[in-house]
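Enquirer:
In this note's numbering, the protein residues as written are 161 to 745.
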């Protein structure tokens with residue numbers, strides 16, 4: 161019931177009234193099924209048996225009118241439930257998408273993209289299916305069974321009692337079937353999620369797959385997951401087919417009871433021919449709910465399984481939110497300070513006692529081997545993850561007391577792994593600030609050394625770039641991403657290996673433009689090239705999550721540590737032959 165209450169709460173007030181009206185219509189039209197069998201009873205007793213044709217036309221006309229009226233109201237009911245269910249579907253998808261937008265990074269670390277897509281599509285559709293079919297079908301069958309049973313008891317309680325006695329056996333079968341079926345539906349849902357996740361990952365990595373000629377391997381891997389999903393479906397069907405024959409036998413037994421025992425009562429004079437006609441006409445109204453019970457149980461179990469998954473997503477809340485005492489700030493000025501910051505990913509240490517300061521307008525460079533924690537520093541700065549030990553301050557205020565939107569609005573990030581939206585080049589550059597003029601977009605593209613190649617594209621700045629920037633080289637995508645970061649005019653600009661795919665001449669041009677930005681900006685550069693970091697005010701060398709070296713370019717060369725070795729390697733110098741810092745320079 162909790163799932164139904166939650167789903168009901170998603171419906172707008174107007175559509176909720178419509179849905180209630182549709183359920184009332186469903187119940188009334190189910191009751192209306194008793195009218196025509198009653199008229200058939202009169203047709204047999206008062207016309208056929210009595211050999212009296214006078215009431216014939218009136219009865220037939222009434223039966224036709226009842227049938228047309230019922231079908232018309234049923235059509236109205238279907239329209240109403242479709243409108244209300246689609247309203248819930250719309251509200252649910254918007255709420256789920258909004259919930260995803262504000263989830264923190266750790267949430268996406270824990271959940272697979274394919275599983276989230278399944279919740280957003282197939283699972284939400286089953287929530288709609290409940291409102292558009294399952295709930296009114298249950299009402300239809302319950303009202304049909306109860307009203308028919310009461311009516312038949314009123315006509316002849318002996319025959320009605322025999323028919324209804326079949327019900328307890330049906331309840332036993334239903335209870336046995338339901339036991340364990342929930343686990344089967346959960347297993348099927350997991351197999352579907354795994355299959356969708358594999359498909360999503362395969363599509364996203366299609367270039368890598370082709371580069372390594374792994375099409376056959378991926379096909380076999382997907383085939384394995386698809387087979388598992390098929391087998392989960394077959395397991396559910398197999399379980400249902402074990403009970404289906406018993407339900408069919410019980411349903412058909414009602415017809416046999418009606419014919420044999422009803423005929424016996426008619427011979428004894430305890431029933432009229434019209435009474436027997438009513439029982440014959442309405443025996444299906446008792447058997448149909450039994451026949452549909454299995455399908456409704458399947459649909460019900462699948463709805464519970466899918467809606468539970470959707471509820472988990474809808475009620476989830478991000479761990480990183482605005483603090484109660486969060487302060488308002490006009491803009492990020494650019495002062496950054498890490499105080500004894502330590503951080504772990506799932507109990508795996510990443511950063512250990514990291515401390516440094518950057519004044520507004522200064523440039524900080526961070527170097528170090530892969531896995532040393534460089535990218536984690538900028539993720540912590542933007543509160544993508546929460547610091548557990550130590551403290552990070554921006555403009556002298558702990559970032560936990562900044563409003564998230566204001567903090568992240570003041571940080572422009574350009575990374576090595578670039579994501580470009582399926583939009584125009586201009587749209588991608590202006591993504592962070594839709595109010596940019598065309599001239600400003602062109603200016604930031606020029607500063608990122610992207611203006612020349614953009615103008616050579618088929619439609620210039622109006623060229624549509626494919627998903628993830630298909631059609632552009634790695635260096636071109638990086639420069640568009642840099643222009644996008646510059647365009648928000650951030651107080652802190654983060655460049656995470658942003659120029660790794662550009663040539664040295666272009667890199668020098670970009671560095672010159674960064675020095676001449678029309679706004680004050682603190683720069684944090686993560687790079688492996690000495691040429692990218694040597695002009696920084698301070699360079700940090702991270703090793704095993706801790707700061708192993710710090711200083712300027714000249715100071716680090718004298719230390720003869722990681723930085724000096726990297727310098728020698730990139731300049732073709734043998735460190736063993738370099739005996740002094742002067743020789744290295």
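Virtual Cβ for every residue (Gly too), placed ideally from N, Cα, C.
Consult DSSP for residue 431 and reduce its assignment to one of helix, strand or coil.
Expert: Note: residue 431 maps to coil in three-state DSSP.
Enquirer: Excluding the five sequence neighbours on either side, which residues of its own chain have a C-beta within less than 7 Å of the C-beta of residue 486, listed in chain order?
Expert: Closer than 7 Å at the Cβ level, and outside the excluded window around residue 486, lie 561, 562, 563.
Enquirer: Which runs of the alpha helix (DSSP H) spanning at least 4 residues fall entirely within the region 604-692, listed in chain order?
Expert: For the region 604-692, whole alpha helix (DSSP H) runs of length 4 or above, ordered along the chain, are 611-615, 634-647, 664-675.
Enquirer: Mind the definition here: the region 512-526 touches the region 569-581 only if three or more C-beta pairs lie below 8 Å; say whether that holds.
Expert: Short answer: they don't touch.
Enquirer: Looking at residue 511: is its Cβ nearer than 9 Å to the Cβ of residue 533?
Expert: Contact: yes.
Enquirer: Just how far apart, CA to CA, sit residue 380 and residue 344?
Expert: Looking at the two C-alpha atoms, the distance is approximately 25 Å.
Enquirer: Is DSSP giving residue 355 helix, strand or coil here?
Expert: Three-state result, residue 355: helix.
Enquirer: Just the Cα atoms here: how many angstroms apart are residue 625 and residue 461?
Expert: One C-alpha to the other measures close to 44 Å.
Enquirer: Measuring CB to CB, does residue 722 end up less than 9 Å from residue 709?
Expert: Yes, these two residues count as a Cβ contact at 9 Å.
Enquirer: For residue 434, which option in 258, 692, 210 has the closest C-alpha, if you only look at C-alpha atoms?
Expert: It is 210.
Enquirer: Using a Cβ-Cβ cut-off of 7 Å (strictly less than) and excluding sequence neighbours within five positions of residue 544, which residues of its own chain qualify?
Expert: Closer than 7 Å at Cβ, skipping near neighbours: 264, 265.
Enquirer: Which residues mark the beginning and the end of the alpha helix (DSSP H) in which residue 225 is found?
Expert: Run containing residue 225: 216-261, per the alpha helix (DSSP H) assignment.
Enquirer: Grouping DSSP H, G and I as helix and E and B as strand, with all else coil, what is residue 287?
Expert: Residue 287: helix per DSSP, three-state reduction.
Enquirer: Check the DSSP bridge columns for residue 517 and list the partner residues they point to.
Expert: Bridge partners of residue 517: 497.
Enquirer: Excluding the five sequence neighbours on either side, which residues of its own chain have a C-beta within less than 6 Å of the C-beta of residue 192, listed in chain order?
Expert: Contacts found: 230.
Enquirer: Over the uninterrupted alpha helix (DSSP H) stretch that includes residue 585, give me the two end residues.
Expert: Start and end: 585-589.
Enquirer: Check this for me: beta carbons of residue 448 and residue 411, under 9 Å apart or not?
Expert: In contact: residue 448 and residue 411 (Cβ atoms closer than 9 Å).
Enquirer: According to the Cβ coordinates, are residue 322 and residue 421 closer than 9 Å?
Expert: In contact: residue 322 and residue 421 (Cβ atoms closer than 9 Å).
Enquirer: Taking 9 Å as the cut-off, decide whether the C-beta atoms of residue 185 and residue 227 are in contact.
Expert: Not a contact, by the Cβ cut-off of 9 Å.
Enquirer: Taking buried to mean at least 16 other C-beta atoms within 10 Å of its own C-beta, is residue 355 buried or exposed?
Expert: Counting Cβ neighbours within 10 Å, residue 355 comes out buried, since at least 16 surround it.
Enquirer: For residue 256 versus residue 280, is the C-beta spacing smaller than 9 Å?
Expert: Cβ distance < 9 Å, so residue 256 and residue 280 count as in contact.
Enquirer: For a test of the three-state rule: what should DSSP assign to residue 522, helix, strand or coil?
Expert: Reduced to three states, the DSSP call for residue 522 is coil.
Enquirer: Looking at the structure shown, is residue 741 part of a helix, part of a strand, or coil, going by DSSP?
Expert: Legend: pLDDT at residue 741 = 43, less than 50; position of this residue unreliable, value from coordinates given subsequently. In this structure, residue 741 counts as helix in the three-state DSSP scheme.
Enquirer: Measure from the alpha carbon of residue 350 to the alpha carbon of each residue in 217, 240, 642, 276, then state which is nearest.
Expert: Of the candidates 217, 240, 642, 276, the one whose C-alpha sits nearest the C-alpha of residue 350 is 276.
Enquirer: Run through the region 290-328 for me and flag every whole beta strand (DSSP E) of 3 or more residues, listed as ranges in chain order.
Expert: Qualifying beta strand (DSSP E) stretches: none in this window.
Enquirer: Near residue 645, which residues of its chain fall below 7 Å by C-beta distance, leaving aside the five closest residues on each side in sequence?
Expert: Closer than 7 Å at the Cβ level, and outside the excluded window around residue 645, lie 572, 573, 574, 653.
Enquirer: I think residue 601 touches residue 647, with their Cβ atoms under 8 Å apart; what is that distance to the nearest whole Å?
Expert: Indeed, because the Cβ distance is near 7 Å, the residues count as touching under 8 Å.
Enquirer: Specify, as a first and last residue, the run of the beta strand (DSSP E) that residue 698 falls within.
Expert: Its beta strand (DSSP E) spans residues 698-703.
Enquirer: If you follow the beta strand (DSSP E) that residue 567 is part of, which residue opens it and which one closes it?
Expert: Not the beta strand (DSSP E): residue 567 falls in the alpha helix (DSSP H), residues 564-569.
Enquirer: Report the partner residues of residue 707 according to the DSSP bridge assignment.
Expert: Bridge partners of residue 707: 702.
Enquirer: Select from 459, 506, 324, 491 the residue whose C-alpha is nearest the C-alpha of residue 442.
Expert: The candidate whose alpha carbon is nearest that of residue 442 is 324.
Enquirer: If you run the structure through DSSP and keep just helix, strand and coil, what is residue 175?
Expert: If DSSP states are grouped into helix, strand and coil, residue 175 belongs with the helices.
Enquirer: Which residue's Cα is closest to the Cα of residue 204: 673, 341, 440?
Expert: Out of 673, 341, 440, 440 has the C-alpha closest to the C-alpha of residue 204.
Enquirer: So what's residue 161 in DSSP terms, helix, strand or just coil?
Expert: Residue 161: coil per DSSP, three-state reduction.
Enquirer: Between 513, 517, 490, which has its C-alpha nearest residue 497's C-alpha?
Expert: Nearest option by C-alpha distance: 517.
Enquirer: For a test of the three-state rule: what should DSSP assign to residue 695, helix, strand or coil?
Expert: Correct three-state label for residue 695: coil.
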